[in-house]
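Take a look at the structure below.
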Amino acid sequence: MDVIRIEGGHRVTGEVTVEGAKNSALKLMAATILAPGVNTLTNVPNIADVHVMGKVLKRLGAKIDVVDVHTLRIDTSTVESWVTPYELVAQMRASTAVLGPLLGRFGKATVAMPGGCNIGARKIDMHILGLQALGVDFDLDHGDINATTPHGLSGTTVTLDFASVGATENLMMAAVRAKGTTVIDNAAREPEIVDLANLLNEMGASVKGAGSPVIEIEGVAELHPVTHEVVGDRIEAGTFIATAGLVGEPVEVKGFDPAHLGLVLRKYEQMGISIERRERGVLAWREGPIGSVDIQTLPFPGFPTDMQAQTMCLLALGSASCVVTENVFENRFMFASELQRMGAEIRIEGHHAIVHGVPRFSGAQVKSPDLRGGAALVMAGLVADGITVVSDIYHIDRGYERFVEKLQGLGARVERASVPDSADL
Ligand code: EPZ
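Residue numbering for the sequence shown follows numbering that gives the first Met the number 0, starting at 0 and increasing by one per position.
Now the structure itself:
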């Protein structure tokens, strides 16, 4: 079993460049189904989830050339299937992002119903309700969602109950091929939504208002293949900025737009972390103690849930007391339980975590509960007394490219190691 082993207390400083955003790249890959021909995506992160999405597209008939480790050439002219099997959806729930493009291209799709995951039920009822409004009929048969459009896709106004990222994306990717105008109200506003809208418009679509709560889409008859650069990963960047805040030393984080982390950077400044914003990155460091701020996760431009664990790690060290409220997922505090093994004092009350800072963490064996919690446990290990061993690191590999190498590049004593599966971790 692979683990990440960290020896705490070493100086961590320097510069790191982040990759393209996982939470954009996966949807841009799915969107290439809408534009038959050779699409080239650059700045694609070399991570496990991208490899799974590649398998999904190949299963549908696409041909994929890995031009270099961060450039994919995806030929979807050969896509002739609209069935995405359970074993791929079970590996990665984001495979459901092919639903909208398959409906847009073929007017039908069969996608396995995704199960839940560690952080929550992850339902797709809003995807289904919105697509039904566009004229899609669904039936659930033995765990598969069969979607058809007996009368084609027709534009209409869809108001989302919640600004769901995935539902907004699936609706966008179906609506670009619907007859007439679609308005998505209460749409998600994440930078990854804007990146997807840019790709679709480059393909010949007409998508207006992405990044605002109201997105208006005029359906078009066809879309053509493009070359597109994936937007920088604001969450990978935020993870390294949180690391700088934790260790206190200056870290320059490059390859992303600081405007995509607006509230996070402002909250970190309130916590006493210095942030120098630059064109495509920031320099972050800390001189004084970590101050106390309360955090409420919300859809963009609110505080991102994907930065909750990394920020709780910061708040758990020092003398601050604060409340972290998780409003987006129903079960995203498992990281806190693991951090308590390292000496943190955190009390969970429903979707609130009451955090009392402690002077230091102590190294321990901990399990990565999910992608971001795993990264945050590695962060904690950097400043803990002694050795920390993080297991279940496949979660981290899903969304962080060369995480260990990047930390080593900053001077951290961290390594990937293999231990016998029977080890009592
Ligand atoms: C995307 O997930 C991201 N994943 C998540 O990142 C991120 O945390 C989330 O957006 C919020 O920003 C990808 O882009 C691959 P939602 P998604 O639809 O689209 C509920 C990471 O760490 N909901 O905005 O699934 C849902 O259960 C991952 O990189 C419904 O109830 O997020 C959740 O509680 C984790 N019904 C909330 O809404 C629906 O139909 C937000 O979900 C859809 C969602």
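Backbone N, C-alpha and C define an ideal beta-carbon position, used for all residues, glycine too.
Remember, predicted model here, so these are calculated numbers, not experimental data.
Measuring CB to CB, does residue i end up less than 8 Å from residue j?
i, j, result
"residue 330", "residue 296", "no"
"residue 99", "residue 172", "yes"
"residue 83", "residue 110", "yes"
"residue 66", "residue 72", "yes"
"residue 252", "residue 240", "yes"
"residue 261", "residue 284", "no"
"residue 187", "residue 167", "yes"
"residue 149", "residue 136", "yes"
"residue 112", "residue 163", "no"
"residue 11", "residue 389", "no"
"residue 58", "residue 92", "no"
"residue 311", "residue 352", "yes"
"residue 316", "residue 362", "no"
"residue 15", "residue 405", "yes"
"residue 201", "residue 207", "no"
"residue 282", "residue 249", "yes"
"residue 106", "residue 151", "yes"
"residue 306", "residue 192", "no"
Out of the options, which has the shortest C-alpha to C-alpha gap to residue i?
i, options, result
"residue 204", "312, 174, 24", "174"
"residue 344", "313, 367, 364", "313"
"residue 27", "309, 197, 130", "197"
"residue 80", "73, 112, 55", "55"
"residue 46", "400, 18, 404, 415", "400"
"residue 6", "387, 226, 397", "387"
"residue 395", "382, 375, 380", "375"
"residue 308", "299, 318, 322, 300", "322"
"residue 199", "183, 211, 226", "226"
"residue 183", "306, 155, 193, 165", "155"
"residue 346", "397, 362, 320, 404", "320"
"residue 245", "70, 380, 402", "380"
"residue 354", "324, 371, 222", "324"
"residue 392", "367, 87, 209", "367"
Give me, in chain order, the residues of the same chain whose beta-carbon lies closer than 6 Å to that of residue i; leave out the 5 immediate sequence neighbours on both sides.
i, result
"residue 118", "328, 330, 331, 369"
"residue 270", "289, 290, 292"
"residue 224", "34, 36, 37, 38"
"residue 23", "191, 194, 229, 230"
Exposed or buried, residue i, counting other C-beta atoms within 10 Å across all chains shown (16 or more means buried)?
i, result
"residue 161", "exposed"
"residue 419", "exposed"
"residue 195", "buried"
"residue 190", "buried"
"residue 259", "buried"
"residue 89", "exposed"
"residue 358", "exposed"
"residue 68", "exposed"
"residue 134", "buried"
"residue 397", "buried"
Please state the DSSP three-state secondary structure of residue i.
i, result
"residue 396", "helix"
"residue 317", "coil"
"residue 336", "helix"
"residue 366", "strand"
"residue 220", "coil"
"residue 31", "helix"
"residue 346", "strand"
"residue 137", "strand"
"residue 48", "helix"
"residue 232", "coil"
"residue 379", "helix"
"residue 63", "strand"
Skipping 5 residues on each side, what residues in its chain have a beta carbon closer than 7 Å to that of residue i?
i, result
"residue 407", "413"
"residue 232", "17, 18, 19, 20, 21, 44, 255"
"residue 304", "296, 325, 327, 328, 331"
Leaving out five residues on either side along the sequence, give the residues of the same chain with a beta carbon under 8 Å from the beta carbon of residue i.
i, result
"residue 219", "175, 176, 203, 204, 205"
"residue 268", "274"
"residue 32", "56, 59, 61, 75, 78, 97, 100, 101, 103, 104"
"residue 129", "157, 159, 166, 169, 170, 183"
"residue 180", "154, 215, 216, 217, 218"
Could you confirm whether any beta carbon from chain C is found closer than 8 Å to the beta carbon of residue i?
i, result
"residue 360", "No chain C is part of this structure, which consists of one protein chain only."
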